[in-house]
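Q:
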């Protein structure tokens, strides 16, 4: 089995990260629409849209990497989810938005759990049935 045959857990995590990327695209489009339809300072809103477009591109690239069974995508996915758990903490704690915070935390923890299952770890390290000494991932 090669790295191109990633465990189901890795592909499921990729799908969850892809949904986060899709949410980022929706947010960027909403910012652009806001800037075009009379935001008080459209330049700042466009700047914010560009900033979030860059972040969204990173999330989308990570999702594609996981879905295409690229080992390099596991680490960025873990970092993304840990950062978003910080957002969940802020929503739950200081903002007192308990339902939103809990939902975001559960959603962000899901890819983390999937990426740290035994088959996903074996795949990431290229050991056991996922060993492929000649791969260029």
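In this note's numbering, the protein residues as written are 66 to 202.
By construction, the Cβ of each residue, glycine as well, lies at the ideal position given by its N, Cα and C atoms.
What would DSSP say about residue 117, mapped onto helix, strand or coil?
A: Indexing the chain shown from 1 puts residue 117 at position 52. The answer is helix: DSSP assigns residue 117 an H, G or I state.
Q: Going straight from the alpha carbon of residue 156 to that of residue 167, what length do you get?
A: As a first step, residue 156 must be located in the chain shown, where it is residue number 91. As a first step, residue 167 must be located in the chain shown, where it is residue number 102. Spanning the two alpha carbons is a distance of roughly 8 Å.
Q: Among 162, 159 and 186, which has the Cα closest to the Cα of residue 136?
A: The count along the chain shown starts at 1 and reaches residue 136 at position 71. Nearest option by C-alpha distance: 186.
Q: If I measure Cβ to Cβ from residue 163 and keep anything under 7 Å in the same chain, skipping five residues before and after, which residues do I get?
A: Taking the chain shown and counting its residues from 1, the one referred to as residue 163 is at position 98. Cβ neighbours of residue 163 beyond the five flanking positions: 157.
Q: Check whether the segment 69–86 and the segment 106–115 are in contact - that is, three or more C-beta pairs closer than 8 Å.
A: Output reads no: the segment 106–115 does not touch the segment 69–86.
Q: On a Cα-Cα basis, can you pick out the residue from 179, 150, 177 and 176 that is closest to residue 165?
A: Counted from its first residue, the chain shown places residue 165 at position 100. The option with the nearest alpha carbon to residue 165 is 150.
Q: How about residue 144 and residue 85: do their beta carbons lie closer than 8 Å?
A: Here residue 144 refers to the residue found at position 79 when the chain shown is read from its first residue. Here residue 85 refers to the residue found at position 20 when the chain shown is read from its first residue. No. Outside cutoff.
Q: Have a look at 117, 181, 106 and 154 and flag the residue whose alpha-carbon is nearest the alpha-carbon of residue 94.
A: Working through the chain shown from its first residue, we reach residue 94 at position 29. Checked all of 117, 181, 106 and 154; the closest Cα to residue 94 is 117.
Q: Report the residue ranges of all alpha helix (DSSP H) runs contained in full by the segment 156–195; include only those spanning at least 4 residues, in chain order.
A: Here the runs fully enclosed are 163–180 and 183–190.
Q: Please state whether DSSP places residue 134 in a helix, a strand or coil.
A: Counted from its first residue, the chain shown places residue 134 at position 69. In the structure shown, residue 134 sits in coil (DSSP, three-state: anything other than H, G, I, E or B).
Q: Whole alpha helix (DSSP H) runs in the segment 71–106 with 4 or more residues, listed along the chain?
A: You should have 73–101.
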